Amino acid sequence: MAAPTDVRTPGFSHMIYPYAGSQQYLSGALAYIERARDDGAAVIIAAPTQQRAVLEAHLPGDDGRVSFMDTTALGRNPGRLIPAWQEWIGRQAQVGAVHGINEPAWSSSDATRQGEARYEEWLLNLAFAHAPAWSLLCPVDTTAYLPQAVEALTRCHPLVWNGTNHVSSSDYLADAYEFDELPDPPTTADRVDYRLQDLQAVRDKVNRWALQTLPARRARELTLAVSELATNSIRHGGGSGSLHYWRQNDSFVCETRDAGVITDPLAGRVRPPATQLGGRGLWFVHRLCDLVQIRSAAGRGTRIRLWMDEPAADGPDTPDTSQR
Amino acid sequence: MAGTHSPWALRAGEHVCWQVRSAGDYTAGTRELISRARRAGGEVLVVGGLDAADAASAATILAERGETAAVLDAVRRRALASRRAGRLLWVLAAMEQLARPNAALPEVVACELELAELAIETETGVLCAYRAEQWHPGTLGDIAAVHSRVVGIDESMAGFRLRYTGTGGYCLEGSVGYEGLRAFSATLRGALDRFPQIKLSCEHLELIDASAWRVLVETVADVPGRSVVLERANETVLETWHMSGYDAAGITVQGAC
């Protein structure tokens with residue numbers, strides 16, 4: 042770690058705050074909020090109910106500068122984090138600087154979701170690379186994670202908050218992100234290959250399968266998400282693709298594969314402008330599904346894995362859905 | 071989407087697509103249709119060619135190309151007269167007589183939308199025959215979307231149906247996805263050319279994908295002053311419209327409740 046940097050650095054300051062226990066959480070978060078107030082900045086806090094209550098109980102009198110965001114609206118998919126912050130800071134940024142605290146409910150969730158949440162943290166740096174000055178503190182409870190998970194998360198943040206100041210992180214992955222490999226689908230997974238003329242048959246098949254236990258609305262949403270991915274295969278992935286689908290614990294999992302390459306890592310993760318025609322397929326997928334894993338590279342094509350959880354597991358924490 | 075009853079028994083107001091495999095199938099199907107109509111105490115009005123052997127059993131209007139509007143007017147008058155007289159009438163339209171087989175899809179769709187209206191307004195069953203060897207496969211794949219069902223070869227590409235229900239109203243059923251975009255665009259545009267505002271009843275609509283929302287936005291934007299109202303849409307349709315975030319004048323999406 043390098044020397045402390047100026048807290049008023051222009052642009053986006055994205056910092057991790059590893060803490061152990063509620064006392065350290067409170068002192069570091071309050072110091073960050075105090076710094077923001079000194080700067081005349083608005084503070085936006087997106088945190089689970091428990092952390093919110095802790096902070097609310099210790100914040101000095103309400104000066105109208107601190108607002109709490111409802112993170113339940115994010116659902117279970119970390120891929121919805123970027124547009125949420127775009128929306129949250131969008132209103133405030135017009136009137137001045139914004140300091141955010143980012144601790145979504147999936148932080149302590151299963152390994153698969155943790156991996157995608159980590160990638161989303163890394164993508165925040167790209168998404169806000171050209172944004173007006175604002176900072177985002179991401180508290181991480183080190184007692185709830187394995188040390189290597191904290192290290193991996195730290196590599197997604199250019200800055201580290203030490204409780205009173207932020208410093209540059211020498212571990213930050215500035216150039217390229219290293220994904221967790223997707224395990225192969227189970228050998229029991231069903232498979233269907235598709236071309237343009239098969240789209241309706243693919244939708245029918247997925248919908249019938251999902252209706253085994255999912256309510257009609259969720260089954261329809263999964264069907265639409267798969268349809269969007271299959272359409273992308275046909276339009277951008279060489280005209281065809283394949284779909285694997287299977288049940289895993291309490292989730293319905295679908296994976297499409299094709300020969301295309303997604304070159305924009307933010308595709309589907311940023312709300313398209315109202316006047317832009319098209320570019321909404323992956324956006325829909327991220328909004329509809331509980332988890333989306335995208336692996337795409339030249340020479341290897343694209344694999345996209347969708348997870349739709351059964352309603353009984355609708356809370357933020359579910360059994361481990363990782364195959365490893 | 072085919073009915074469970076005999077494919078040759080047309081319901082009042084029903085607008086059916088018949089994709090005909092061969093000349094032999096056309097002859098056999100026509101005879102079956104005429105026979106069923108006669109057993110039901112009615113008759114078949116054939117628009118287009120008919121074997122001499124069958125001519126005596128069905129009134130025929132021979133259509134010359136380029137006279138589509140006049141022929142359809144004549145069919146409409148005849149259908150209205152039958153309805154007033156309480157007589158059953160089914161219409162068999164040999165579509166190559168009403169539209170050029172090499173015509174662009176919107177031209178064929180325009181003719182079909184008129185036939186669909188005729189069927190509903192005169193409470194007449196209409197069977198539109200497409201002899202497969204005369205028509206472009208793409209047209210055959212798309213044209214089923216503006217009929218309530220298909221008999222014969224079913225080469226339907228689109229996963230949706232747009233059925234006329236009367237007074238500028240249509241029922242949009244199934245799933246509107248990328249494979250059906252050409253048909254969706256043509257049918258929407260055709261309907262908007264006929265009515266300044268169209269209402270799409272979506273009770274039996276499963277979903278509209280992102281590419282189809284775009285087509286809807288583009289199509290409505292292309293005809294200023296015209297509008298589309300999607301009524302009784304399920305939560306997925308409603309939600310994806312909001313998700314799409316289009317700033318689109320002329321489009322309203324209303325939920326089921």
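Chains A and B are the protein sequences, given in the same order.
Heads up, the numbering used here is the position in the first sequence plus 41, with the first residue counted as 1.
Heads up, the numbering used here is the position in the second sequence plus 70, with the first residue counted as 1.
From the three backbone atoms N, C-alpha and C, an ideal C-beta is built for every residue, glycine too.
All figures in this text were calculated on a predicted structure; none of them were measured in a lab.
Can you tell me whether Asp299(A) is buried or exposed, with buried defined as 16 or more other CB within 10 angstroms of its CB?
buried
For Asn248(A), name the three-state secondary structure that DSSP assigns.
helix
For Gly81(A), collect the residues of the same chain with a Cβ closer than 8 Å to its Cβ; drop the 5 residues on either side in sequence, then sort them by chain order.
Gly137, Ala138
Identify, in the order they occur along the chain, each residue of the same chain with its Cβ nearer than 7 Å to the Cβ of Ala261(B), setting aside the five sequence neighbours on each side.
Leu183, Tyr240, Ile268
For Ala260(A), the nearest candidate out of Asn273(A), Cys295(A), Gly280(A) (CA to CA):
Cys295(A)
DSSP bridge partner residues for Tyr60(A) (one or two, in chain order)
Asp182(A)
Measuring CA to CA, which of Leu96(A), Ala88(A), Gln92(A) is closest to Thr113(A)?
Ala88(A)
Can you give me, in chain order, the residues of the segment 181-212 of chain B that have a beta carbon less than 7 Å from any beta carbon in chain A?
none
At what residues does the alpha helix (DSSP H) containing Thr297(A) begin and finish?
Segment 292-299 is the beta strand (DSSP E) holding Thr297(A); no alpha helix (DSSP H) there.
Cross-strand partners of Ile131(B) (DSSP beta bridge)
Val117(B)
In chain A, what lies closer than 7 Å to Thr306(B) by C-beta?
Arg258, Arg261, Glu262, Leu265
Going by Cα to Cα distance, which pick from His99(A), His55(A), Ala77(A) is closest to Ser63(A)?
His99(A)
For Ala230(B), name the three-state secondary structure that DSSP assigns.
Inspection of the sequence shows that residue 230(B) is occupied by Phe rather than by Ala. Three-state result, Phe230(B): strand.
At 9 Å on the CB atoms, spell out the chain B contacts of Thr272(A), in chain order.
Gly247, Tyr248, Glu249, Asp279, Ala280, Ser281
Val302(A) - DSSP class collapsed to helix/strand/coil
coil
Can you give the Cα-Cα distance for Arg231(B) and Gln127(A), rounded to whole angstroms?
39 Å
Backbone CA spacing between Gly204(A) and Gln65(A) [nearest angstrom]
8 Å
The segment 140-149 of chain B touching the segment 184-198 of chain B, judged by at least three CB pairs closer than 8 Å:
yes
Residues in the same chain with beta-carbon distance under 6 Å from Trp129(A), minus the five sequence neighbours each way, listed in chain order, please.
Ile85, Met110
Using a Cβ cut-off of 8 Å, pull out every chain B residue sitting near Gly319(A), in sequence order please.
Ala280, Ser281, Arg284
Whose CA, out of Thr297(A), Val267(A), Ala83(A), Leu323(A), lies closest to the CA of Asp245(A)?
Val267(A)
Using 8 Å as the cut-off, can you tell me whether the segment 300-309 of chain A makes contact with the segment 271-283 of chain B, which would need three or more C-beta pairs spanning the two stretches below that distance?
no
In this structure, how does DSSP classify Leu214(A) when only helix, strand and coil are distinguished?
coil
How would you label Glu273(B), buried or exposed, when you count the other beta carbons within 10 angstroms and need 16 or more for buried?
exposed
C-beta atoms of Ala72(A) and Thr183(A) nearer than 9 Å:
no
Residues that Met227(B) contacts on chain A, provided the C-beta gap is smaller than 7 Å
Gln238
Taking the C-alpha atoms as reference points, what is the distance between Pro188(A) and Gly156(A)?
14 Å
Could you check if Gln238(A) is buried or exposed, using at least 16 other CB atoms within 10 Å of its CB as the buried criterion?
exposed
Proximity of Thr130(B) and Leu115(B) at Cβ, strictly below 9 Å:
yes
In or out: Gly15(A) buried (at least 16 other Cβ within 10 Å) or exposed?
In the structure as shown, chain A starts at 42 and stops at 365, and residue 15(A) therefore has no counterpart that could be examined.
Classify Arg307(A): buried if its beta carbon has 16 or more other beta carbons within 10 angstroms, exposed otherwise.
The sequence shown places Leu at residue 307(A), rather than the Arg named in the question. It counts as exposed.
Using a Cβ cut-off of 9 Å (strictly closer), state whether Trp250(A) contacts chain B.
no
How about Val179(A) and Glu219(A): do their beta carbons lie closer than 9 Å?
One point to set straight first is that residue 179(A) is Cys, not Val, in the sequence displayed. No, Cβ-Cβ distance for Cys179(A) and Glu219(A) is not below 9 Å.
How many angstroms separate the CA atom of Ala164(B) from the CA atom of Asp292(B)?
32 Å
Am I right that Ile321(B) and Leu277(B) are in contact with their C-beta atoms under 8 Å? What's the rounded C-beta distance?
About 17 Å; that fails the 8 Å criterion.
Quick one: which chain A residues come within Cβ less than 8 Å of Ser255(B)?
Near Ser255(B) there are no residues of chain A at all, since even the closest Cβ is about 13 Å away, more than 8 Å.
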